[in-house]
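Student: Protein chains in written order, with our numbering: chain A, 1 to 325; chain B, 1001 to 1436. Quick reminder that beta carbons are idealized off the backbone N, C-alpha and C, glycines included.
1. Around the Cβ of residue 1251 of chain B, are there at least 16 other Cβ atoms within 10 angstroms (buried) or fewer (exposed)?
2. Starting from residue 1093 of chain B, trace the beta strand (DSSP E) in both directions and tell me its first and last residue.
3. Give, in chain order, every residue of the segment 1186 to 1199 of chain B whose Cβ lies closer than 7 Å to some Cβ of chain A.
4. Output, in chain order, the set of chain A residues within a Cβ distance shorter than 9 Å of residue 1416 of chain B.
5. Does DSSP classify residue 1416 of chain B as helix, strand or coil?
6. For residue 1355 of chain B, decide whether its Cβ has a neighbour in chain A, counting only Cβ atoms nearer than 9 Å.
7. Measuring only between beta-carbons, confirm whether residue 1028 of chain B sits less than 9 Å from chain A.
8. For residue 344 of chain A, return the contacting residues in chain B, with the cut-off set at a CB-CB distance below 7 Å.
9. In angstroms with no decimal places, state the Cα-to-Cα distance between residue 156 of chain A and residue 116 of chain A.
10. Would you say the segment 1394 to 1408 of chain B touches the segment 288 to 302 of chain A, given that touching needs at least three Cβ pairs under 8 Å?
11. Using a beta-carbon distance cut-off of less than 9 Å, what residues from the segment 240 to 252 of chain A approach chain B?
12. Output, in chain order, the set of chain B residues within a Cβ distance shorter than 8 Å of residue 9 of chain A.
13. What is the DSSP secondary structure of residue 156 of chain A, counted as helix, strand or coil?
14. Should residue 1221 of chain B and residue 1194 of chain B be called a contact, given that it needs their Cβ atoms to be closer than 9 Å?
15. Output yes or no for whether 9 Å exceeds the beta carbon distance between residue 11 of chain A and residue 1333 of chain B.
16. With H, G and I counted as helix, E and B as strand and the rest as coil, what does DSSP make of residue 1138 of chain B?
17. Do residue 1346 of chain B and residue 1387 of chain B have their C-beta atoms within less than 9 Å of each other?
18. Which one of A:298, A:208, A:287 and A:5 has the shortest CA to CA distance from residue 132 of chain A?
19. Which residues bound the alpha helix (DSSP H) around residue 1434 of chain B?
20. Tell me which residues of the segment 115 to 140 of chain A have at least one Cβ-Cβ distance to chain B shorter than 9 Å, keeping chain order.
21. What would DSSP say about residue 187 of chain A, mapped onto helix, strand or coil?
22. Determine, using beta carbons only, whether residue 1061 of chain B comes closer than 9 Å to chain A.
23. For the alpha helix (DSSP H) holding residue 310 of chain A, just list the boundary residues, first then last.
24. Which residue marks the beginning of the beta strand (DSSP E) containing residue 1196 of chain B, and which one marks its end?
25. DSSP on residue 260 of chain A, reduced to helix/strand/coil?
26. With 9 Å set as the bound, which would you pick, yes or no: does the beta-carbon of residue 1001 of chain B sit closer than that to a beta-carbon of chain A?
27. Pick out whichever of A:70, A:144 and A:235 has its Cα sitting closest to the Cα of residue 101 of chain A.
28. Residues of the segment 1356 to 1368 of chain B with a CB closer than 8 Å to any CB of chain A: list them in chain order, please.
29. List the whole-angstrom C-beta distance separating residue 1028 of chain B from residue 1305 of chain B, where the pair is believed to meet the contact cut-off of C-beta under 8 Å.
30. Can you name the start and end residues of the alpha helix (DSSP H) that residue 1274 of chain B belongs to?
31. Residues in the same chain with beta-carbon distance under 7 Å from residue 7 of chain A, minus the five sequence neighbours each way, listed in chain order, please.
32. Counting only Cβ-Cβ distances shorter than 7 Å, please list the residues of the segment 197 to 213 of chain A near chain B, keeping chain order.
33. Given residue 1420 of chain B, which residues of its chain have a CB within under 8 Å of its CB, disregarding the five upstream and five downstream residues?
34. In the structure shown, what three-state DSSP assignment does residue 241 of chain A receive?
35. When you compare only the Cα positions, how much space is there between residue 1187 of chain B and residue 1155 of chain B?
36. Against chain A, with Cβ distances strictly below 9 Å, would residue 1427 of chain B count as a contact?
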């Protein structure tokens, strides 16, 4: 029998094995980790949460698909990064926001912030956060019209806890247990601290995200608030420190948006600087600024500083000299 | 004592053949013995067409210092001296021998005697021994360091951290006597006080076997050292750090740290060579991969064609799309199966399924996994950016020369970027710019 010779084999550089975890699976894990919060929000705000989420995810994926199609670029819609952006945009707006405004947000996030800068991996700032800020500034009324949580009978409680804090001080706040569970006013997906915490810990356990940024972010918020109320005496320090961690977008921001790979540093030191910076800016805005909430702005500002932080940390690590260990 | 570890990654072990006792392959009809089986100057053939050669007869040599002679692995008639493209892509001189299957042994083959280091080194040189872990650096140079008075420790690399490969594992189970004898010889002649055999903890049977043997022989200055079964614990610089805690930068030799470091197969060969005098003419090899019918461990004469080896392993199950010499992490993909095996081959892996395909590269998402996978904490994403800019200074600042191309970064990359390979290209940019 004539021996067959195979001399047209595939030749490529080593390694010839890759891990199963690719970009698509990474995005799906993050999406999975966000589901508990959606469940709680649907319970708190009703079916409008689901509709809003579906519209934002569909719109974002459509914009991604259409952009690639239009520019004849490689189709990236199936990496689900656009779906994740859509999901996060839905989480960052009131559940009863007019859908067309939400779709505008998705356009800003996916097309303006992400694709115009070169698509996945190239955007400088977090698309969902920036979309939220654009909507917040452009549609101030709609973006601060908070639906009443279903378990609150008092219709005046529809304001967010941070809104109440800014308007009337520490006396009329919901208690921390309500805040922890998420039975409060606020953006659709940010209300339930416990659901976000579960999702965040899942991502840390699965090694999708590093715990450094969430820990530094939340830790800074806690310490800042504790020291502030200790020093000013305008509230019970420990209770208010917990309040600030649970209120607004800290949990959502710390676990899901300040950990966005593309727009945050990779080195451990950089991540510490980033997390602490987010916490500081958040608290400065909350306690001294015009707006009741500062998570979005803090992440946006730190996103912009990320290249600088990376450069600084690289230099510190190697110093341009021979690399030790 | 708490052991310090370098960053490493988990790679599935795929050690399917760990339980496959080594089979000696029958002598093939033809062998093609390469004249370039080591780092350094290639050998010149000492034989010509029509010559009759015997097993262990020297058929290639050179005057160059960095080199190792080549011996015939069979007895038979030289049919041709031919040029062929090698696995690495260059041209290679091959001595083609038609075997007579008598395996007549060359008269001069006899166990060497050495009374001091120079004689030991000379004997090693005559044996044709090179680093069998993959680098194929001539061993007689390694065993004769310039700072001979400063070296004190032998480290035997038996980590075998590459997936699939089990030839070192089988060696430790089957030829442990040679291994220990080899350790003793090397330690005696070079004057080393202690020896460590670093083995990953997924080979507990080998560790226990060696421990038992060392104990029964009353040897106390050679110890096994259990390593984490993670990749790349078998990389020279990683192994040195894990065992001694000493940091070894690129460009530093183990001898500079007082260490003689050799692969387990290399050391075991020293033992067998001083027992029998037979030069390096055959090799234990793992044959595996989803394209092979019967994955095996075999001992094959050097120069055996891969086609013959695969036939001995039941042939291909399906059309092979990719064949590797060595493991999947650092092994070389070869363009054809019509190539002979060389001294440093420890595995032939043939793939037909998804593992054979080159995954499509997508955009970097800056997740940082490459940095957290790198044993030396390099930043492959930043290095890749610097390479794209051809920025030699940045490549140098980011320590590209520290990269040992273990491939951990490429393995973990969710965007399937060939980061390790980009570092190799980065080193070329650095070299062209004349920056050290």
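Tutor: Answer, in terms of the structure:
1. exposed
2. 1091 to 1099
3. none
4. 18, 22 and 23
5. coil
6. yes
7. no
8. Residue 344 of chain A lies beyond the range of chain A shown here (1 to 325); nothing can be said about it.
9. With a pLDDT of only 49 at residue 156 of chain A, under 50, the local geometry of the prediction cannot be trusted, and no value is derived from it.
10. no
11. none
12. 1320, 1321, 1322, 1323, 1333, 1334, 1335, 1336 and 1337
13. Low local confidence applies: a pLDDT of 49 at residue 156 of chain A is under 50, so the model's placement there is unreliable, with the coordinate-based value given in what follows. Residue 156 of chain A: helix per DSSP, three-state reduction.
14. yes
15. yes
16. strand
17. no
18. A:298
19. Element bounds for residue 1434 of chain B: n/a, residue is neither H nor E.
20. 118, 119, 120, 121 and 122
21. coil
22. no
23. 295 to 318
24. 1194 to 1200
25. coil
26. Residue confidence is low: residue 1001 of chain B scores 44 on pLDDT, short of 50, so the model does not pin down where it sits. Its coordinate-derived value is still stated next. Residue 1001 of chain B does not count as touching chain A.
27. A:144
28. 1356, 1357, 1358, 1359, 1362, 1363, 1364, 1365, 1366, 1367 and 1368
29. 7 Å
30. 1264 to 1276
31. none
32. none
33. 1380, 1403, 1405, 1406, 1407, 1408, 1409 and 1410
34. helix
35. 10 Å
36. no
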